[in-house]
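Asker: Sharing a structure here in structure tokens format.
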Amino acid sequence: MVLCALSIFGIVLLIFLELTRQSHLAWIKFGFHFFFQADIDPYTHQPIYWDPVNGHFSALPFVYGTLVSSFMSLLIAVPLAIGVAIFLTEMCPRVLRSPLAFLTELLAAIPSIIYGLWAVFVLVPLLREYVNPLLIKYLGWTGLFDDTNPTGLGFVSAAVILSIMILPIISSLTREVMTAVPHSQREAVLALGATRWEMIRMGVLRNARIGIVGAVILGLGRALGETMAVTMVIGNTPEIHKSLLSNGASMAAVIANEYAEANGDLHRSALTEIGLALFVVTIIVNATARFLVWAVTRGAPARVN
Amino acid sequence: MNDERTTRAGIRAVTDHTVTFLAVLATIIVVVPLVAIFVYLIYKGASSLNLDFFTKVPKPPGEVGGGMANAIVGSAVLLAVASVIGVPIGIAGGVYLAEFGRGTRLANAIRFTADVLNGVPSIVMGVAAYALIVSPHISFLPFTGHFSAFAGGVALAIMMVPTITRTSEEMLLMVPNAIREAALGLGVPNWRSVLSITLKTASPGIITGCMLAFSRVAGETAPLIFTVLGNAFWSTSLDRPIAALPLQIYVFALSPYDDWHRLAWAGSLVLIVLIVLAVSLVRYVTSRGVLKGTS
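Protein sequences appear in the order of chains B and F.
Numbered as in my numbering, the first sequence ends at 557 without a single skipped number.
Numbered as in my numbering, the second sequence ends at 340 without a single skipped number.
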């Protein structure tokens, strides 16, 4: 029985060992530079990021793509999620609370392949026709939006679908953290004559701050590792461009696309190294987040989300 | 002085109303994509759901017709393999956490690690399963060396274990202590009381926890891409690549054929109906109070 419980540790160790073993080749050949540098083509003086045929491997475009899409999705999702959480805990009439909470939970249960399917056939055309031209027209002066990519795929689409996917996690954890704040805090602020928003701001959010940060980091962890929906909308081009509307690639997406048909041990080993980096980063991010949430809810069993 | 106070009160009231409006707006913005996805899925998928869908294999690209029967059966096979490996380990782990190790630091560490493991992207599990089973290095073990349904089952089992451990621990913790004390008072040894009495009382909850794990794992595509590889034909053998519903949806969605797109929508509808049923059932059972009565 103890052995079965210890299997959790065993699983983590097993994954780590297998990933390290498989990526050994790439470690020897590239070392840590794999993540920061790329070989430069001697003829064009441009960096060659990912050329499996000639053996040039650099994870830089994938790291860039993962970080950009994840942080953009956080930008969109966090205000919405906290707004929903505030509405559901403090403002919602009791009758609506249960169905709405159920709906947001349902968002979390939808498999990512279905999000990807919907994104490819509905979201991307919508963004391409209506939103991207507006972005180019009004925000083009920032240099972050240009019209070199008319397909509608790219970081913006990936960020939107990612934000829809991480919203329920952030919102349900924020709700949990907000309900863990004792009522006495709320009543004290109200007794001093605060409006409802001031009560929320001073009584609840201030106490739940740490937990909300934890919830956001957990959402980030999910966004970093999200594979299927991102693969289908990010465009899968291992290049780095300044425009947020350009195609890109993400770490999980390149593994999903190229692993089954990797040509050669070095290619597979490089992909496994990307997987190892993903594993380590998500473990650190998730551990930090869980610790922060636990610090506020103090040991009540965490949700299995 | 009075003027300033009334202006301040006015600003505070306006802020309060603005925030309320923004919060309602946020909720609407969140609910809209969910409803949109469901409605669109039903609209696109329902017309393609006929008997053919559930009984036929996909036709070659370009030909009209065919179904996803092999993918549905394949998913069931994978789920069965994953359960056989994952459910016993998970429940046993949950029993340890709730009964024998309650409050110990080891139990806290295991619970924390299980939660962290839940957040690891599923593709990493797939890569680990590939390195462990698919890449040929041990020749005398069965199932190794090639893509197989077994490898995919193992990847899914690795994903199920932390979920089942946590939910069965939670369910076991909900069993009232009076039951355990009654058993001990009658002289039943601890292991026996756990097995025959506590587990039995918590079994509806544990089963719903397993269903939650199933529904989560049934929709996973990433770990299957390079462990089971997918199969366009009918196959239930554990030793060969097998079709799986989410994998088939992925392949069809990215293909250029309209008929395959149609099948992908129908498959998604089936998948999401199953998942919604499972989640609703879990929520109904846990909210009703699983352990009313001790029979």
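Beta carbons: idealized from backbone N, C-alpha and C, even for Gly.
Just so we're clear, the structure is a prediction, and the values are computed from it rather than from any experiment.
Let me check one thing: in DSSP terms, what residues is B:D291 bridge-paired to?
Answerer: Paired residues: B:I300.
Asker: Is it true that the segment 227 to 245 of chain F meets the segment 155 to 171 of chain F, where meeting means three or more beta-carbon pairs spaced less than 8 angstroms apart?
Answerer: No: fewer than three Cβ pairs fall under 8 angstroms.
Asker: With C-beta atoms as the reference, is B:S275 less than 7 angstroms away from B:S521?
Answerer: In contact: B:S275 and B:S521 (Cβ atoms closer than 7 angstroms).
Asker: Mind checking the segment 291 to 319 of chain F against chain B and listing, in chain order, the residues whose C-beta falls within less than 8 angstroms of any C-beta there?
Answerer: Correct list: P291, I294, Y295, A298, L299, H306, A309, W310, S313, L316, I317.
Asker: Measuring only the C-alpha atoms, how far is B:T483 from F:V220?
Answerer: Their Cα atoms are separated by approximately 44 angstroms.
Asker: Would you decide whether B:S436 is buried or exposed? Buried here means 16 or more other CB atoms lie within 10 Å of its CB.
Answerer: When all chains shown are included, B:S436 counts as exposed.
Asker: Would you call B:I469 buried or exposed, if buried means 16 or more other Cβ atoms sit within 10 Å of its Cβ?
Answerer: By the 10 Å Cβ count, B:I469 comes out buried.
Asker: Taking contact to mean 3 or more Cβ pairs, one atom from each stretch, closer than 8 angstroms, check whether the segment 60 to 70 of chain F and the segment 445 to 455 of chain B are in contact.
Answerer: With a cut-off of 8 angstroms, the segment 445 to 455 of chain B and the segment 60 to 70 of chain F count as touching, because enough Cβ pairs lie within range.
Asker: Taking a cut of 9 angstroms between CB atoms, which residues from the segment 157 to 175 of chain F lie near chain B?
Answerer: Hits within the stretch, in order: F157, T158, A159, D160, V161, L162, N163, G164, V165, P166, S167, I168, V169, M170, G171, V172, A173, A174, Y175.
Asker: Which same chain residues, not among the five before or five after F:E214, have their C-beta less than 6 angstroms away from its C-beta?
Answerer: These residues qualify, in order along the chain: G139, L142, A143.
Asker: Taking Cβ positions, are B:S409 and B:L379 nearer each other than 7 angstroms?
Answerer: Yes. Within cutoff.
Asker: Provide the residue(s) that pair with F:G111 in DSSP beta bridges, ordered along the chain.
Answerer: DSSP output for F:G111 lists F:P103 as bridge partner(s).
Asker: Here's a check: name, in chain order, each residue in its chain whose Cβ is nearer than 8 angstroms to the Cβ of B:A514, leaving out the five neighbours to either side.
Answerer: These residues qualify, in order along the chain: P304, R520, L523.
Asker: Using the beta-carbon count (16 or more within 10 Å), is F:G232 buried or exposed?
Answerer: With fewer than 16 other Cβ atoms within 10 Å, it is exposed.
Asker: Work out the CA separation of F:P301 and B:G473 for me, nearest whole Å.
Answerer: Looking at the two C-alpha atoms, the distance is approximately 33 angstroms.
Asker: Is the shortest distance between the beta-carbon of F:R57 and the beta-carbons of chain B less than 7 angstroms?
Answerer: Chain B contact via Cβ: present.
Asker: For F:S313, count neighbouring Cβ atoms within 10 angstroms of its own Cβ and tell me buried if that reaches 16, exposed if not.
Answerer: Buried: at least 16 other Cβ atoms inside 10 Å.
Asker: For F:A202, which residues of its own chain have a beta-carbon under 6 angstroms away from its beta-carbon, when the five flanking residues on both sides are left out?
Answerer: Closer than 6 angstroms at the Cβ level, and outside the excluded window around F:A202, lie A127, I130, G131.
Asker: Please report the residue range of the alpha helix (DSSP H) in which F:V77 lies.
Answerer: Taken as a continuous stretch (DSSP letters only), the alpha helix (DSSP H) holding F:V77 covers 47 to 90.
Asker: How close, in whole Å, do the beta carbons of F:T253 and F:L322 come, if the pair is a contact with beta carbons under 8 angstroms?
Answerer: 12 angstroms between Cβ atoms; not a contact.
Asker: Would you please state the rounded distance, in angstroms, between the beta carbons of B:L359 and B:L266? I believe it to be under 8 angstroms.
Answerer: Wrong, their Cβ atoms sit about 32 angstroms apart, outside the cutoff.
Asker: Report buried or exposed for F:S92, applying the criterion of at least 16 other Cβ atoms within 10 angstroms of its Cβ.
Answerer: With fewer than 16 other Cβ atoms within 10 Å, it is exposed.
Asker: When you compare the CB of B:P553 with every CB in chain F, is at least one pair closer than 7 angstroms?
Answerer: Residue confidence for B:P553 is low, a pLDDT of 46 falling below 50, so the modelled location carries little weight; the figure read from the coordinates is stated next. Output row for B:P553: interface = yes.
Asker: Is F:L274 helix, strand or coil by DSSP?
Answerer: Note: F:L274 maps to strand in three-state DSSP.
Asker: Can you check the segment 403 to 458 of chain B for any alpha helix (DSSP H) of at least 4 residues that lies completely inside it and give the ranges in chain order?
Answerer: The qualifying runs are 407 to 432, 435 to 443.
Asker: Compare the beta carbon distance of B:L271 and B:G527 with 7 angstroms and say whether it is the shorter of the two.
Answerer: Yes.
Asker: Let me see if you follow: with CB-CB separation under 7 angstroms, is B:P385 close to chain F or not?
Answerer: With 7 angstroms as the cut-off, B:P385 does not count as an interface residue toward chain F.
Asker: From the beta carbon of B:G527, is the nearest beta carbon of chain F less than 7 angstroms away?
Answerer: So yes, B:G527 belongs to the interface.
Asker: What does the alpha-carbon distance come out to for the pair F:M205 and F:I178?
Answerer: When rounded, the distance between both Cα atoms is 18 angstroms.
Asker: Buried or exposed: where does B:P351 fall if 16 or more other Cβ atoms within 10 Å of its Cβ makes it buried?
Answerer: By the 10 Å Cβ count, B:P351 comes out exposed.
Asker: Measure the C-alpha to C-alpha separation of F:A174 and B:A278 and round it to an integer number of angstroms.
Answerer: When rounded, the distance between both Cα atoms is 19 angstroms.
Asker: Measure the CB-CB distance between B:L332 and F:A81 and report whether it falls below 7 angstroms.
Answerer: Not a contact, by the Cβ cut-off of 7 angstroms.
Asker: When you compare the CB of F:T253 with every CB in chain B, is at least one pair closer than 7 angstroms?
Answerer: No, F:T253 does not count as interfacial toward chain B.
Asker: Within the continuous alpha helix (DSSP H) that includes F:M256, where are the two ends?
Answerer: Where F:M256 is concerned, the enclosing alpha helix (DSSP H) stretches over 244 to 263.
Asker: Look at F:L299 and F:G197 and say whether their C-beta atoms are less than 7 angstroms apart.
Answerer: It is not a contact, given that the beta carbons lie outside the stated cut-off.
Asker: Kindly identify the DSSP beta-bridge partner or partners of F:I287.
Answerer: Bridge partners of F:I287: F:L274.
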